[in-house]
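A.B. asks: Questions regarding the structure given below will be posed in turn.
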Amino acid sequence: LWSNRALCHAALKQWDQCREDGLRSTQLKSDFSKGWFLVAKAMWKEGSRSAALKQIEVALRLVSQPEDLLALKENILREVEEKPTSRSSSKTPGLHLPQMRSRSVSPCVT
C-alpha cells in the first residue's frame, strides 16, 4: 500500500511525500526494491544526489534483484558527470528522458 501511494506521489512529482511513503514501505519490508527505488528517486529529484546514491548503496546490500536500482544509479552518476552543479529537470541534455510523456505510473517512467 505505501509503495503504491509513493508511486502516485511520484507521478504527481510530489517528491517529499513520495520519499516518506517509500521509506515506510522499506521499513515494512527491507528488501523491497520498488520502495528503495522510489526513495532514492525522490531524493534525487529533490536535488539530493549524494543522499540518493547513499540510499541506493544501502538498498543494494538488501535487495536480491537490483536491476532498477543500478539503472537509477547510472542515471544519477551520468547527470553528475555531465552537469555536476545543475539540478535535474526534464530539460537536462544528458538525462535522456523520453520525448513523449507516458500516462504510466511505473517508477521507471516518472
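Sequential numbering of the sequence shown, starting at 3, is according to the numbering used here. Beta carbons: idealized from backbone N, C-alpha and C, even for Gly. This structure is a prediction, so every number in the text was calculated from the model and none was measured.
Hey, out of 49, 8, 39 and 4, whose CA is closest to residue 64's CA?
C.D. replies: When each option's Cα is compared against that of residue 64, the closest is 39.
A.B. asks: Can you check which of these residues, 3, 49, 34 and 30, is closest to residue 15 by C-alpha distance?
C.D. replies: Nearest C-alpha to residue 15: 49.
A.B. asks: Counting C-beta neighbours from all protein chains within 10 Å, is the total for residue 54 16 or more, i.e. buried, or is it exposed?
C.D. replies: The residue in question, residue 54, is buried, as its Cβ has 16 or more Cβ neighbours within 10 Å.
A.B. asks: Measuring alpha carbon to alpha carbon, tell me which residue in 41, 60, 9 and 37 is nearest residue 21.
C.D. replies: Ranking 41, 60, 9 and 37 by Cα distance to residue 21 puts 41 first.
A.B. asks: So, using beta-carbon positions, are residue 8 and residue 32 closer together than 8 Å?
C.D. replies: Going by C-beta atoms, residue 8 is not nearer than 8 Å to residue 32.
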